[in-house]
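Below is one structure, written out as structure tokens; the observations come after it.
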């Protein structure tokens with residue numbers, strides 16, 4: 001076999017890619033596995049969005065290559081959505097860039113701004129892709145601690161003690177994945193000031209704004225944000241469109257132009273019908289979010305009961321589509337989740353997937369029907 005690139009020697013296959021193969025194997029052996037590990041929405045997308053996607057298939061030119069920047073009407077509707085939901089003014093022409101999912105954006109942003117040996121501030125715990133992409137580009141991850149006793153927020157005093165001269169990007173994500181913690185207004189002002197002070201690009205990964213969260217926030221709402229910030233957002237969780245692969249990046253024209261240079265060399269535009277469906281999804285009334293969260297509230301109540309049955313504790317004020325739960329003292333996350341899988345045929349995620357500060361925690365997904373969660377409770 002031809003030797004792989006050196007960059008792959010420092011990156012492992014994504015945890016869920018490996019673990020879901022194990023789960024599939026167990027299922028093939030007749031094990032009745034309940035999957036409460038992954039955040040893949042099982043609910044339907046908005047009906048009108050699905051219908052418009054279908055109707056758009058037969059439109060003239062639907063099968064052709066599309067603009068790298070997306071349909072102008074999609075960009076405008078994203079800007080309208082930000083205005084309505086976040087009270088943020090954006091130009092649909094210059095400050096919005098549709099993406100083939102926000103995960104794509106993590107790579108594109110990194111490729112646009114990182115050189116080998118540049119450094120990147122990455123939350124611990126946090127989304128593993130931040131670190132993986134940084135390593136793939138031969139830059140250096142610098143992990144900053146998030147701890148429960150500080151409400152899963154960065155310690156800016158500790159950050160200021162670091163040598164920040166090589167840091168180009170800082171990843172943040174609030175509402176936080178995996179803990180569900182929210183950030184106060186003061187945090188956004190602090191992190192923007194931090195980015196301006198040290199010439200660091202602050203990227204807020206914001207796909208969980210509307211799940212069990214009464215006050216959706218965009219970092220772009222705060223003073224000077226466009227100078228040093230970008231924000232990723234997604235249709236996956238908000239509109240149950242994970243498989244459609246529709247995301248968005250918002251920020252200044254200068255920042256987005258750099259990202260577009262990368263993106264335009266890596267894809268040939270989003271499928272026309274998907275864009276038309278996405279436009280319709282963005283027009284959903286507030287009743288969409290009320291209905292969506294009603295389902296998640298009922299599921300969360302049940303997952304809390306499951307966590308209690310496993311002697312775990314949790315924060316009732318956390319948001320998002322997961323329950324982040326603390327294990328009893330002295331238990332290790334991966335040992336615990338392997339035991340639950342073996343003894344109860346229930347797959348939950350060990351906190352260590354998200355970093356060393358996830359040790360002693362596990363994550364439950366809310367992306368399963370109530371009957372499935374009740375079955376998990378009965379097994380325990």
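Residue numbers (my numbering): 1 to 380. Virtual Cβ for every residue (Gly too), placed ideally from N, Cα, C.
CA-CA distance, residue 249 and residue 342? Within the chain shown, the letter at position 249 stands for residue 249. Within the chain shown, the letter at position 342 stands for residue 342. Using only the alpha carbons, I get a separation of about 41 Å.
The region 272-288 / the region 67-83 touching (three or more Cβ pairs under 8 Å): yes
Would residue 211 and residue 171 be called neighbours here (beta carbons separated by less than 7 Å)? Position 211 of the chain shown, counting from 1, holds the residue named residue 211. Position 171 of the chain shown, counting from 1, holds the residue named residue 171. In this structure, residue 171 does not lie closer than 7 Å to residue 211 by Cβ.
Are the beta-carbon atoms belonging to residue 344 and residue 380 less than 7 Å from one another? Taking the first residue of the chain shown as position 1, residue 344 is located at position 344. Taking the first residue of the chain shown as position 1, residue 380 is located at position 380. Yes.
Residue 136 versus 124, 144, 261, 115, residue with shortest Cα-Cα distance: Mapped onto the chain shown, residue 136 falls at position 136. Closest option to residue 136, Cα to Cα, is 115.
Helix, strand or coil for residue 363? Go by DSSP, reduced to three states. Within the chain shown, the letter at position 363 stands for residue 363. For residue 363, the three-state secondary structure derived from DSSP is strand.
Are residue 125 and residue 178 closer than 7 Å when you measure CB to CB? Within the chain shown, numbered from 1, the residue matching residue 125 stands at position 125. Within the chain shown, numbered from 1, the residue matching residue 178 stands at position 178. For residue 125 and residue 178, yes; Cβs fall inside 7 Å.
Measuring straight from C-alpha to C-alpha, what distance separates residue 203 and residue 231? Walking along the chain shown from the start, residue 203 turns up at place 203. Walking along the chain shown from the start, residue 231 turns up at place 231. Approximately 6 Å, taken between the alpha carbons.
Just the C-alpha distance for residue 319 and residue 1, rounded to the nearest angstrom, thanks. For the purposes of this step, residue 319 is identified with residue 319 of the chain shown, where counting begins at 1. For the purposes of this step, residue 1 is identified with residue 1 of the chain shown, where counting begins at 1. If you take the alpha carbons of residue 319 and residue 1, they lie about 47 Å apart.
In three-state DSSP terms, what is residue 26? For the purposes of this step, residue 26 is taken as residue 26 along the chain shown, with counting starting at 1. Here residue 26 sits in helix by DSSP.
Distance, Cα to Cα, residue 393 vs residue 39? In this structure the chain extends from 1 to 380, so residue 393 is not present and cannot be described.
Through-space distance from residue 106 to residue 130, alpha-carbon basis: On the chain shown, residue 130 is found 130 positions in, with the first residue counted as 1. On the chain shown, residue 106 is found 106 positions in, with the first residue counted as 1. Looking at the two C-alpha atoms, the distance is approximately 7 Å.
Under 6 Å Cβ to Cβ from residue 434, same chain only, skipping five residues before and after it: list those, please. As displayed, the chain neither begins before 1 nor continues past 380, which places residue 434 out of reach and without an answer.
Considering only the beta carbon of each residue, do residue 201 and residue 143 sit closer than 7 Å? By 1-based counting over the chain shown, the position of residue 201 is 201. By 1-based counting over the chain shown, the position of residue 143 is 143. In this structure, residue 201 sits away from residue 143, with a CB-CB distance that is not shorter than 7 Å.
When 5, 22, 46 are compared against residue 138, the one with the closest alpha-carbon: Here the question's residue 138 lines up with position 138 in the chain shown. Of the candidates 5, 22, 46, the one whose C-alpha sits nearest the C-alpha of residue 138 is 5.
So within the region 200-235, which uninterrupted alpha helix (DSSP H) runs reach at least 4 residues, ignoring any that extend past its ends? 225-228
Inspect the beta-carbon positions of residue 324 and residue 300 and report whether they are closer than 7 Å. Residue numbering aside, residue 324 sits at position 324 when the chain shown is read from its first letter. Residue numbering aside, residue 300 sits at position 300 when the chain shown is read from its first letter. No, they are not a contact pair.
With which residues is residue 325 paired in a DSSP beta bridge? Stepping through the chain shown from its first residue, residue 325 is reached at position 325. Partner(s): 314, 362.
With three or more beta-carbon pairs closer than 8 Å as the criterion, would you say the region 325-333 touches the region 359-376? Yes, since at least three Cβ pairs between the region 325-333 and the region 359-376 fall closer than 8 Å, the two stretches touch.
Closest Cα partner of residue 166 within the set 189, 183, 195, 176: Taking the chain shown and counting its residues from 1, one reaches residue 166 at position 166. Of 189, 183, 195, 176, the residue nearest in Cα terms is 195.
At what residues does the beta strand (DSSP E) containing residue 52 begin and finish? In the chain shown, the residue the question calls residue 52 occupies position 52. For residue 52, there is no enclosing beta strand (DSSP E); the enclosing alpha helix (DSSP H) has its first and last residue at 47-56.
The region 247-265 / the region 94-101 touching (three or more Cβ pairs under 8 Å): yes
What residues match up with residue 140 in a beta bridge as DSSP calls it? Here residue 140 corresponds to residue number 140 of the chain shown, with the count starting at 1. Paired residue(s): 119.
Three-state secondary structure assigned by DSSP to residue 149: Against the chain shown, residue 149 aligns to sequence position 149. Looking at residue 149 - three-state DSSP - the assignment turns out to be helix.
Among 273, 337, 246, 117, which has the Cα closest to the Cα of residue 54? Within the chain shown, residue 54 is the residue found at index 54, counting from 1. The residue with the shortest Cα to Cα distance from residue 54 is 273.
By alpha-carbon positions, which one of 198, 184, 240, 188 ends up nearest to residue 208? The count along the chain shown starts at 1 and reaches residue 208 at position 208. With distances taken between Cα atoms, residue 208 lies closest to 240.
Using the three-state DSSP reduction, which class does residue 279 fall into: helix, strand or coil? Residue 279 sits at position 279 when you count from the first residue of the chain shown. In the structure shown, residue 279 sits in a helix (DSSP, three-state: H, G or I).
I need the boundaries of the alpha helix (DSSP H) containing residue 377, first residue and last residue. Taking the chain shown and counting its residues from 1, the one referred to as residue 377 is at position 377. Counting along the chain, the alpha helix (DSSP H) containing residue 377 begins and ends at 370-379.
Would you please state the rounded distance, in angstroms, between the beta carbons of residue 65 and residue 218? I believe it to be under 8 Å. One-based indexing of the chain shown puts residue 65 at position 65. One-based indexing of the chain shown puts residue 218 at position 218. With a Cβ gap of about 31 Å, residue 65 and residue 218 do not count as contacting.
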